[in-house]
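A.B. asks: Okay, handing you the structure first.
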Amino acid sequence: LVRIQKNKAAALLRLAARNV
Amino acid sequence: SKSHSQPSASRASIGNSGMNETGNFGNNFIPANGLTVTQNQVLNLIKACPRPEGLNFQDLRSQLQHMPIATIKQAVDFLSNEGHIYSTVDDDHFKST
Numbered sequence: 001l002v003r004i005q006k007n008k009a010a011a012l013l014r015l016a017a018r019n020v
Numbered sequence: 101s102k103s104h105s106q107p108s109a110s111r112a113s114i115g116n117s118g119m120n121e122t123g124n125f126g127n128n129f130i131p132a133n134g135l136t137v138t139q140n141q142v143l144n145l146i147k148a149c150p151r152p153e154g155l156n157f158q159d160l161r162s163q164l165q166h167m168p169i170a171t172i173k174q175a176v177d178f179l180s181n182e183g184h185i186y187s188t189v190d191d192d193h194f195k196s197t
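Keeping their order, the protein sequence lines are chains A and B. The numbers in the numbering used here rise by one with no breaks, and the one at position 13 of the first sequence is 13. The numbers in the numbering used here rise by one with no breaks, and the one at position 51 of the second sequence is 151.
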């Protein structure tokens, strides 16, 4: 579960970085 | 040669890297969201999967039989790099962000 949450958080950060 | 062009130059390189990557997939039609048709197909299948662990790579292959495995992998890698999808229980299961 921790792994999944970490991956999701990292993906959200990448997505956010692309949309700056 | 102009020193004040530095910030815009770095911004441009960020934008260009994304465009170059989409170009690598050999799909010249780019829809409104900036993804290729292939990338959209893969993303939509992953979005449509109701399972909590997400869609696995075998499912993608069986639902995109017309598509070479390498093409599917490229699309998955791209979507993952861009943050549209993330891996869950293992590196073969994906959910959309």
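Beta carbons are placed, not taken as given, at the ideal position from N, Cα and C, and that holds for glycine. All figures in this text were calculated on a predicted structure; none of them were measured in a lab.
1) Is any heavy atom in the ligand NAD found nearer than 7 Å to the beta carbon of Asp177 (chain B)?
2) Using the three-state DSSP reduction, which class does Pro143 (chain B) fall into: helix, strand or coil?
3) Can you pull the chain A residues whose beta carbon is under 8 Å from the beta carbon of Thr136 (chain B), in chain order?
4) For the putative contact between Glu182 (chain B) and Arg18 (chain A), defined by C-beta atoms under 8 Å, what is the C-beta separation to the nearest angstrom?
5) Bridge partners for Phe194 (chain B) per DSSP, in chain order?
6) Do the CB positions of Leu155 (chain B) and His193 (chain B) come within less than 8 Å of each other?
7) Give the single residue among B:Ile169, B:Ala170 and B:Ala175 whose Cα lies nearest to the Cα of Leu143 (chain B).
C.D. replies: On the basis of the data shown:
1) The ligand NAD is not among the ligands present in this structure, which contains no ligands whatsoever.
2) The amino acid occupying residue 143 (chain B) in the given sequence is Leu; Pro does not appear at that position. The answer is helix: DSSP assigns Leu143 (chain B) an H, G or I state.
3) None at all; the shortest Cβ gap to chain A is about 16 Å.
4) 6 Å
5) B:Leu155 and B:Ser187
6) yes
7) B:Ala175
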